[in-house]
Each structure stands twice: as structure tokens, then as C-alpha cells.
Amino acid sequence: MKKTLRFTALVAVMALAFAACDKPDKPNGNGDSQGNNDPKERVIVYTVGQSENRQTLETEGDWDALLDVLCTQAQNGQTVTFYNMSQTTYLQDKGSGGTKAAKTFSTTDRDAMKAWMKEREKEGLTVVVTYNNGTWNGTAYATAPPADTSVDIIGTWHFICSVVSNVDPNGALTSDLYVPEDGGGSMYYTFYDDGTVTLTFNGMDGSTATDSSTWTLSSDGKLSSELLPDGGGSWDVNWLTDNTMIISRAALGTEEGDYFYQLQFERE
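Each step along the sequence shown adds one to the number in our numbering, with nothing skipped, and position 31 is 422.
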């Protein structure tokens, strides 16, 4: 059975779905150890040219090795882009959200380039690296440039999961994961080029609830819609390809500390 719900009703359904994320209960280690083989898991999504890949890294040594590969690919003429999907990695390093200002860097020194890439990853930024005439060039940003994202957002996206992380007033970090399919349902967002968006919620009983609203992309690249979780608001577009979209936002200074929300989508 298919029926259309009013926005308020659909938001109530989503609020229940996200309730499990409001109180993260999975503590993580502080990840401060600098040993090359010490455990520190990262999930890195990256593109080399037009090819998108995802790799789970277990140690600092694994991370260093991947950075070497990415530098070599850039040196071979490819544009390389990467983003750390594991919020807990950079929140452990900083205790708060990464910087919002875009950063650039150029060097002929491979080790200096790798060091810069590591620092930007610690800040939770997306990094783009190219190589030209003996020089590596890097750009890092929290929100993708609007010119690169407005057209690419259009289409239908399967909402895969939400990660909610909390840094409490004492600096302790906890994290929780919500996956719609774990409850037997599924959620899809369809963004249209006329600025409207439709959210479809498929229930485990075969029912379908839908609602529509609008979406905008600001001049500084923030995606906004009242249909997005956590009260809608504005979200940084951290990663956007033909296959994957990752957006995030922060709620800072609450009584329980700072909250960081990340949503992951796959294109249909």
C-alpha cells in the first residue's frame, strides 16, 4: 500500500529511526599513539582519475603506504582525491570538527606532500592532489565547491547509514551507527533540478511513505533541506561522485558536548 504522509508525520518516523543515535554508547580509544604499526582504523574513500575505491586501513603504516600510492598516481598524471569516512579518527585527533577554510599547498618534496596530506586528513577535510612539472599541488576543503556539486546531486540516492559521534565536555568520544535496513526498511532521496526533493520511506510491511520539499545549495557549497535528518539544516558536502555522497554537520556546545552527524548515500 502506498500513501503520502504530511511532513510532520514523516519527520516523526525519522525521529524514531534516529533515536538510537542520540545517545552514542560505543567508546573509542584516544588513538594518540604514533607507532607505525599501532592500530588506528580508517575507512578511506578515494578516486584516482574516474575510478572510485574504498579501503579499510588498520594501522598508521597502512595509511602511510596508501599515501605513497596516491602520490605516485598523481605523479603519473592522475587527479587523486580522498576522504576519511571514519569520523572517530579525526575527532580523536582534534576533539572537535575540522576547519572549514579551504587550504592549498605546493611542493617538490614528496615527504612534505605526504605530511601535508596527513595533516589535512586529521582535520577531517577532503583532499585533492595533482602533479605538474615536478610539483605536487594539493587542495583541501570541508565542503565541495558548488560548481562541482549542484548538477551532481540531482538524482535518486539510497540512504545507507548515519554515523553520530559525540565529544562530551570531558573530551571523551563515543559513536553510534544507524542503518535503515537493520530495522527492515529503506530510505531514498530524489533531488530534482527544479529544486524539489522527495523522501521515500519503505517500511518492513511493504508500505511506502513519501513527502516532498525543497533543497538548496548555498554559495559556499552547503546542502540544505528540511527533509534531511537532525532537523534539516545545512550540511557540508564532504564527498560526491557518480556513486557516493557523504554529507556532515555539527551541533556544538550542547549540554552533552559536541555532536557530529554524517550521512552516507549511494546513487541508484
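Glycine residues also receive a C-beta, built at the ideal position from the N, C-alpha and C atoms. Everything numeric in this text was worked out from a predicted model, so none of it was measured.
With residue 454 as the anchor, note down where its beta strand (DSSP E) starts and where it stops. Taken as a continuous stretch (DSSP letters only), residue 454 belongs to no beta strand (DSSP E), being part of the alpha helix (DSSP H) at 451-466.
With a threshold of 8 Å on Cβ separation, who are the neighbours of residue 432 within its own chain once the five nearest residues in sequence on each side are excluded? 447, 448, 449, 477, 480
Drop a sphere of 10 angstroms on the beta-carbon of residue 456, count the other beta-carbons inside from all chains shown, and report buried for 16 or more, exposed for fewer. exposed
Going by beta carbon distance, what residues of the same chain come within less than 6 Å of residue 512, once the five residues before and after it are set aside? 475
When the distance is taken between beta carbons, is residue 631 closer than 8 Å to residue 535? yes
What are the boundary residues of the alpha helix (DSSP H) that includes residue 527? Counting along the chain, residue 527 falls outside any alpha helix (DSSP H), though it belongs to the beta strand (DSSP E) covering 526-532.
How close, in whole Å, do the beta carbons of residue 604 and residue 618 come, if the pair is a contact with beta carbons under 8 Å? 5 Å
Just to confirm before moving on: does the CB-CB distance between residue 518 and residue 529 stay below 8 Å? yes
Can you tell me where the alpha helix (DSSP H) with residue 506 in it begins and where it stops? 501-513
Would DSSP call residue 481 helix, strand or coil? helix
Could you tell me the distance, in whole angstroms, from the CA atom of residue 571 to the CA atom of residue 533? 26 Å
Shortest alpha-carbon distance to residue 647 belongs to which of 522, 463, 544, 560? 560
With a threshold of 8 Å, are at least 3 pairs of Cβ atoms found where one atom belongs to the segment 548-568 and the other to the segment 636-654? yes
At what residues does the beta strand (DSSP E) containing residue 660 begin and finish? Lying outside 392 to 659, the shown extent of the chain, residue 660 is not represented and no answer is given.
Pick from 510, 451, 626, 515: whose alpha carbon is nearest that of residue 537? 626
Go to residue 578, then tell me how far its beta strand (DSSP E) extends in each direction, as first and last residue. 577-582
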